Amino acid sequence: MILGIETSCDETSVALLDSDGSVRVNLIASQIERHRPFGGVVPEIASREHLQHLFPLVSRALEDANASWSDIERIAVTAGPGLIGALLVGVAGAQGLSYALGVPLVPVNHLEGHLFSPYLQREGAATALPPRFLSMVISGGHSQIYDVERGAVTMLNRTRDDAIGETFDKVAKFMGLPYPGGPQIEQWASQGRIDRRRFPFPVPQFKDESLDFSYSGIKAGAIRIARQQGIRADGDAKLLADFCATFQEALFAQLFSRLDAIWLRLQPPLPTEVAIAGGVAANETLRDKMLAWGRQHGVIVRLPEKRYCTDNAAMIAFAALQKSAQVTDPRRVTARSRIV
Ligand code: KG4
Ligand code: ZN
9 MILGIETSCD ETSVALLDSD GSVRVNLIAS QIERHRPFGG VVPEIASREH
59 LQHLFPLVSR ALEDANASWS DIERIAVTAG PGLIGALLVG VAGAQGLSYA
109 LGVPLVPVNH LEGHLFSPYL QREGAATALP PRFLSMVISG GHSQIYDVER
159 GAVTMLNRTR DDAIGETFDK VAKFMGLPYP GGPQIEQWAS QGRIDRRRFP
209 FPVPQFKDES LDFSYSGIKA GAIRIARQQG IRADGDAKLL ADFCATFQEA
259 LFAQLFSRLD AIWLRLQPPL PTEVAIAGGV AANETLRDKM LAWGRQHGVI
309 VRLPEKRYCT DNAAMIAFAA LQKSAQVTDP RRVTARSRIV
């Protein structure tokens, strides 16, 4: 089995997977409640929480999987990007375990964890990866589209400023909705009606032919509109619902405009599958839109199980299974807050 460890942000997670990608256990200790009073993640609190939870979770994972230390053949750990203090807890813990058990340690890029996650199954072996697929990673910290061809990962675009999840969270916070804002806005949006005239969110235009995302303009525009029209969590519910429906639609429209542009520029052999991953991929409206996009373009759409959308260690272990390179000296693994 492979042991996965994820501590890059506000979830401590430990997983055990078989080599075919079957998830034996995937435990997550979420810190959302601890950070909620502050309206966002507080790095120092995150590190302390990881320290408290990491080893108890490893022990519980072994118990739940009915396994022992000797069943662990490999360890995968998120090495970055993320909060450096949070990453260090996971990496140091994984280094110690790897050294003590005499098994290889594989450093994993958190984003690679997300981008393969749609292939994990709730039960049983993972879905086989096609020769080529696109994966759109949309989370609180990232918005980027990857091209994965026979295991080689190429980033096709990224956000120039804010991530899509961050945009959900910041606008929600401005209106007084609880953290994290994405699910809150989704809930309000489901009761609202799209009204682009009443809520004219700016559409980003670049002077060059860039395929990048940019969400800072929509964020600033949304906050300005919310302020001008007095849209508040404790205010007019119909107004809030319509605002959320229109705002959410504007955020997703940009995802599809970039995906369309990228799709047109691809050279054959074209990808046969398109996946979405990350916290925002839990959004039902987006999942439906994605399935419709797939039907239009004649490609298979892979949606991650909701449990694998937000940060988890199963996806980290699974990404490590895609790599042949292994680091055998755990001392050579280092945590990095940024990975370009
Ligand atoms: O992947 P994740 O747990 O953390 C990062 O690596 O960033 O993603 C968390 C993000 C938050 O911004 C949250 O608001 C957003 O995912 N999110 C959603 C939904 N569920 C979570 N955004 C829109 N709709 C949702 N249902
Ligand atoms: Zn993440």
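Numbering (my numbering), first residue to last: 9 to 348.
Positions of the beta carbon are idealized from the N, C-alpha and C atoms, including for glycine.
Values in this document were obtained by computation on a predicted structure and should not be read as measured data.
Between residue 222 and residue 169, the C-beta gap is smaller than 8 angstroms, which places the two residues in contact.
In this model, residue 293 and residue 194 are separated by some 8 angstroms (Cα to Cα). Under DSSP, residue 191 shares a beta bridge with no residue.
Residue 49 sits in coil when the DSSP states are folded into three classes, being neither helix nor strand.
When Cβ pairs closer than 8 angstroms are counted between the two stretches, the region 55 to 67 is seen to touch the region 14 to 21, the count reaching three or more. In terms of side-chain proximity, the C-beta atom of residue 21 is found no nearer than 7 angstroms to any non-hydrogen atom of ligand 2. Spatial neighbours of residue 66 in its own chain (CB-CB distance under 6 angstroms, excluding positions within 5 residues in sequence) are listed in chain order as 22. For residue 155, the enclosing beta strand (DSSP E) starts and ends at 151 to 157. The beta carbons of residue 319 and residue 14 sit closer together than 8 angstroms.
In this structure the region 278 to 292 touches the region 135 to 154; the number of beta carbon pairs closer than 8 angstroms is three or more. If the five residues before and after residue 278 are omitted, its C-beta is found closer than 7 angstroms to no C-beta atom of its own chain. In this structure, DSSP gives residue 335 an extended state, which the three-state scheme calls strand.
Judged by beta-carbon spacing, residue 325 lies within the 8 angstroms limit of residue 10, meaning their Cβ atoms are closer than that value. Ranking 97, 322 and 280 by CA distance to the CA of residue 84 puts 322 first. Comparing C-alpha distances from residue 212 to each of 224, 204 and 206 shows the shortest one belongs to 224. Rounded to the nearest whole angstrom, the CA to CA distance from residue 42 to residue 165 is 33 angstroms.
The beta carbons of residue 179 and residue 230 sit about 5 angstroms from each other, so the pair counts as a contact at 8 angstroms.
Residue 46 is classed as exposed because its beta carbon has fewer than 16 other beta carbons within 10 Å across all chains shown. DSSP places residue 88 in no alpha helix (DSSP H) but in the uninterrupted beta strand (DSSP E) bounded by 82 to 88.
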